[in-house]
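Asker: Dropping the structure in here first, questions after.
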Amino acid sequence: NAGVTQTPKFRVLKTGQSMTLLCAQDMNHEYMYWYRQDPGMGLRLIHYSVGEGTTAKGEVPDGYNVSRLKKQNFLLGLESAAPSQTSVYFCASRRQRNTEAFFGQGTRLTVV
Amino acid sequence: GNSVTQMEGPVTLSEEAFLTINCTYTATGYPSLFWYVQYPGEGLQLLLKATKADDKGSNKGFEATYRKETTSFHLEKGSVQVSDSAVYFCALRMDSNYQLIWGAGTKLIIKP
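Those protein sequences? They're chains A and B, same order as listed.
Every number in this note's numbering is 238 more than the matching position in the first sequence, counting from 1.
Every number in this note's numbering is 53 more than the matching position in the second sequence, counting from 1.
See below:
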């Protein structure tokens, strides 16, 4: 019963490097989300998707790109990492927009 | 805009103590309110919710009542256990866009 799985769990990047975070869900959910969690702040929405092939900007989209080529996967990309992107990233999914959200375990990213 | 304010942590209690974690919100309409819990090394999980004024959400011995007059949704538990040690997040969701707005989280530490 995997639920929402994030890969990797930890990563250290140098400034300017690129990487992709993968979120996979096996619940056939339509909606998927990427959040970042910073100390002293609530989760902030980066990008989201309301179905396969769709993406939309959230509250803090700058510096990130996303893709939802397959319904079960939602990828978050950093083209040129900056220290300000040091954070814990959470992926979430839900069946419909008014149903419970399920979260992955998080990815701790450090940009040096 | 809409926002959620939680009491700062960490909150440190002894086992079997009474717990209250304060949460207040600002919203232009009538949101649904949630408490999520994040156990060490895990993703966020829905703990309880309330969708209208005076509703009481409850789960695992935790309770929270939706108080419209004080715009609050305080989390309570009568007797905490070491296993309750976690970070607790209060969140609201407006029916206009179904996006979750998060508090900063409160870390709870229960000592034996």
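Note that CB positions come from ideal geometry on N, CA and C, so glycine has one too.
Nothing here was measured: the structure is a model prediction, and the numbers come from that model.
List, in order along the chain, the chain A residues whose C-beta lies closer than 7 Å to that of B/V90?
Answerer: Neighbours of B/V90 on chain A: none; closest Cβ ~11 Å, over 7 Å.
Asker: Smallest Cα separation from A/A320: which of A/G301, A/F248 and A/C329?
Answerer: Ranking A/G301, A/F248 and A/C329 by Cα distance to A/A320 puts A/G301 first.
Asker: Taking Cβ positions, are A/R306 and A/T292 nearer each other than 8 Å?
Answerer: A contact, by the Cβ cut-off of 8 Å.
Asker: Does DSSP classify A/Q244 as helix, strand or coil?
Answerer: Here A/Q244 sits in strand by DSSP.
Asker: Helix, strand or coil for B/V135, going by three-state DSSP, please let me know.
Answerer: B/V135 falls in the helix class under three-state DSSP.
Asker: Quick one: list the residues of chain B neighbouring A/R335, beta-carbon separation under 7 Å, in chain order.
Answerer: Those within 7 Å of A/R335 in chain B are Y151.
Asker: Going by C-alpha to C-alpha distance, which of B/K113, B/P63 and B/G54 sits closest to B/K130?
Answerer: Among B/K113, B/P63 and B/G54, the Cα nearest to that of B/K130 is on B/K113.
Asker: Do you know offhand how far A/G315's Cα is from A/T245's?
Answerer: Distance between the alpha carbons of A/G315 and A/T245 is about 12 Å.
Asker: So B/Y89 is in the beta strand (DSSP E); what residue range does that whole segment cover?
Answerer: Run containing B/Y89: S85 to Q91, per the beta strand (DSSP E) assignment.
Asker: In chain A, which residues lie less than 9 Å from B/A117 when you measure between Cβ atoms?
Answerer: Ordered by position in chain A, no residue passes the 9 Å Cβ test against B/A117, which lies about 16 Å from the chain.
Asker: Tell me the DSSP secondary structure of A/S256 in three-state form.
Answerer: A/S256: coil per DSSP, three-state reduction.
Asker: Could you list which residues in chain B have their beta carbon closer than 8 Å to that of A/L313, in chain order?
Answerer: None at all; the shortest Cβ gap to chain B is about 18 Å.
Asker: What residues from the region 57-86 of chain B come within 9 Å of chain A, judged by C-beta to C-beta, listed N to C?
Answerer: Cβ contacts with chain A: V57, Q59, E61 and S85.
Asker: Taking only beta-carbon positions, decide if A/G254 is within less than 8 Å of chain B.
Answerer: So no, A/G254 is outside the interface.
Asker: Within the same chain, show all residues whose beta-carbon is closer than 6 Å to that of A/E268, passing over the 5 residues directly before and after it, in chain order.
Answerer: G289.
Asker: Does the region 55-65 of chain B come into contact with the region 132-148 of chain B, if we say contact requires no fewer than three beta-carbon pairs (one atom in each stretch) closer than 8 Å?
Answerer: Result yes; three or more Cβ-Cβ pairs closer than 8 Å.
Asker: Compute the Euclidean distance between the alpha carbons of B/A70 and B/L128, then round it to the nearest angstrom.
Answerer: Distance between the alpha carbons of B/A70 and B/L128 is about 14 Å.
Asker: Interface residues of chain B around A/A262 at Cβ under 7 Å?
Answerer: Under the 7 Å cutoff, chain B gives no residues; its nearest Cβ is about 13 Å from A/A262.
Asker: In terms of alpha-carbon separation, which member of B/Y78, B/V64, B/V135 and B/S136 lies closest to B/K121?
Answerer: Of the listed residues, the one whose Cα sits closest to B/K121 is B/Y78.
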